Ligand code: DAH
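Numbering (the working numbering), first residue to last: 2 to 340.
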């Protein structure tokens, strides 16, 4: 039996493998249930008691030698297949699908770009605002319904801290920190306590515009927005202004564009009127200028604010606002753009 064990040991030491399959064969030959080592342990019962200690040790040594051999060869084989990199063709072009920008980002960037061409900079402000910047400085009376819990997500009461309900709050921050001339657009996320539907969401995006200087008139506002609408929706786009009301502008207006879907003939998007509303605007109320320490006797200004979701829906004919927030790749992958 000792001779047999010694022969096995020599066999183990001499064993070489080029493939993992050969190694597996070797493992089965020695260690599987019907393999050589279990057979030796089986025969061990017949060994003379005086030899048992020595023979037992020899079998154990053999077993250890087999196990160590397997581990060592396995490491070697795996290393060599990896370094050969046999499965990899490095000359192939990389197989990466490029992501696309979110449609709201595309349209926001395009809006910013259009205004940048006529000298508007970009400013940003905080999403968490105090009462002064979101309401009071914008001339919202204390009992205005927009301050109600229905519309505003309050974080703290007395003093009131809330998620901003519009980007008009950033107008105030810009005017507090900069003396005219000011010409800037203010993009950002806004929050309102609204039930989520195809037409409304509690989170949405706006771009605000602000221009303050000496001799800024309503004609400047109209011409700027007229240019903007043509750049964004195409040369044939018509605009019209309807009187409206906002606490922070006087006079105030809403601007409609000729429906870009039916070309003004009438469809269900424009509710058969041929026009769709895209923004609110007006001349900055002197109260607002004074709240920001800008001399309302010397300076005048105009402001406007638009919802990016609404404009994106019109531009791409999307009929459900919730699609913007679901991150469904089948929707998002349809938007490819230079912006
Ligand atoms: N802040 C308004 C809103 O959220 C939009 C708006 C209207 C902004 C008129 C303006 C403006 O700057 O002049 O509905």
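Note that beta-carbon positions come from the ideal geometry of N, C-alpha and C, so glycine has one too.
Keep in mind that this is a model prediction, so the values were computed, not measured.
Those residues which DSSP pairs with residue i across a bridge
i, result
"residue 214", "301"
"residue 189", "207"
"residue 343", "The displayed coordinates of the chain run from 2 to 340. Any statement about residue 343 would go beyond what the structure contains."
"residue 122", "185"
"residue 234", "DSSP, once it has assigned bridges, lists no residue as partnering residue 234."
"residue 131", "162"
"residue 307", "208, 280"
"residue 365", "Residue 365 lies beyond the range of the chain shown here (2 to 340); nothing can be said about it."
"residue 155", "163"
Inter-residue CB distance, residue i and residue j (contact presumed, cutoff 8 Å)
i, j, result
"residue 208", "residue 187", "7 Å"
"residue 306", "residue 280", "6 Å"
"residue 94", "residue 131", "Going by Cβ atoms, the distance from residue 94 to residue 131 rounds to 54 Å, so no, they are not a contact pair."
"residue 105", "residue 278", "Not quite, the Cβ-Cβ distance comes to about 19 Å (not below 8 Å), so this is no contact."
"residue 59", "residue 6", "5 Å"
"residue 353", "residue 2", "The requested residue 353 is not part of the displayed model; the chain covers only 2 to 340."
"residue 190", "residue 173", "Contact flag wrong, Cβ pair sits at about 17 Å."
"residue 243", "residue 255", "5 Å"
"residue 267", "residue 273", "4 Å"
"residue 144", "residue 194", "Actually they are not in contact, since the Cβ atoms of residue 144 and residue 194 sit about 18 Å apart, beyond 8 Å."
"residue 182", "residue 295", "Incorrect: roughly 11 Å between the Cβ atoms, too far for contact."
"residue 312", "residue 108", "6 Å"
"residue 171", "residue 210", "Going by Cβ atoms, the distance from residue 171 to residue 210 rounds to 11 Å, so no, they are not a contact pair."
"residue 64", "residue 38", "5 Å"
Per-residue burial, residue i [other beta carbons within 10 Å of its own, 16 or more giving buried]
i, result
"residue 42", "exposed"
"residue 134", "buried"
"residue 157", "exposed"
"residue 308", "buried"
"residue 155", "exposed"
"residue 261", "buried"
"residue 97", "exposed"
"residue 138", "buried"
"residue 70", "buried"
"residue 303", "buried"
"residue 92", "exposed"
"residue 9", "buried"
"residue 89", "exposed"
"residue 76", "exposed"
"residue 1", "Within the shown structure, residues of the chain are numbered from 2 to 340, placing residue 1 beyond reach of any answer."
"residue 218", "exposed"
"residue 257", "buried"
"residue 117", "exposed"
"residue 33", "exposed"
"residue 241", "exposed"
"residue 46", "exposed"
Residue i: CB within 6 Å of a non-hydrogen atom of the ligand ZN
i, result
"residue 254", "As for the ligand ZN, it is missing from this structure, which binds only the ligand DAH."
Does the stretch 245 to 253 come close enough to the stretch 221 to 235 that 3 or more CB-CB pairs lie under 8 Å?
no
Any chance the stretch 53 to 63 sits against the stretch 14 to 30, with 3 or more Cβ pairs inside 8 Å?
no
Ordered list of alpha helix (DSSP H) runs contained in the stretch 34 to 88, each at least 4 residues:
37 to 44, 53 to 85
Could you check whether the stretch 152 to 170 touches the stretch 106 to 124, counting it as contact only if at least three pairs of C-beta atoms, one from each stretch, sit closer than 8 Å?
no
Segment contact flag, the stretch 294 to 302 with the stretch 324 to 339, C-beta cutoff 8 Å, min 3 pairs
no
Should the stretch 326 to 335 be called in touch with the stretch 270 to 286, which here means at least 3 C-beta pairs below 8 Å?
no
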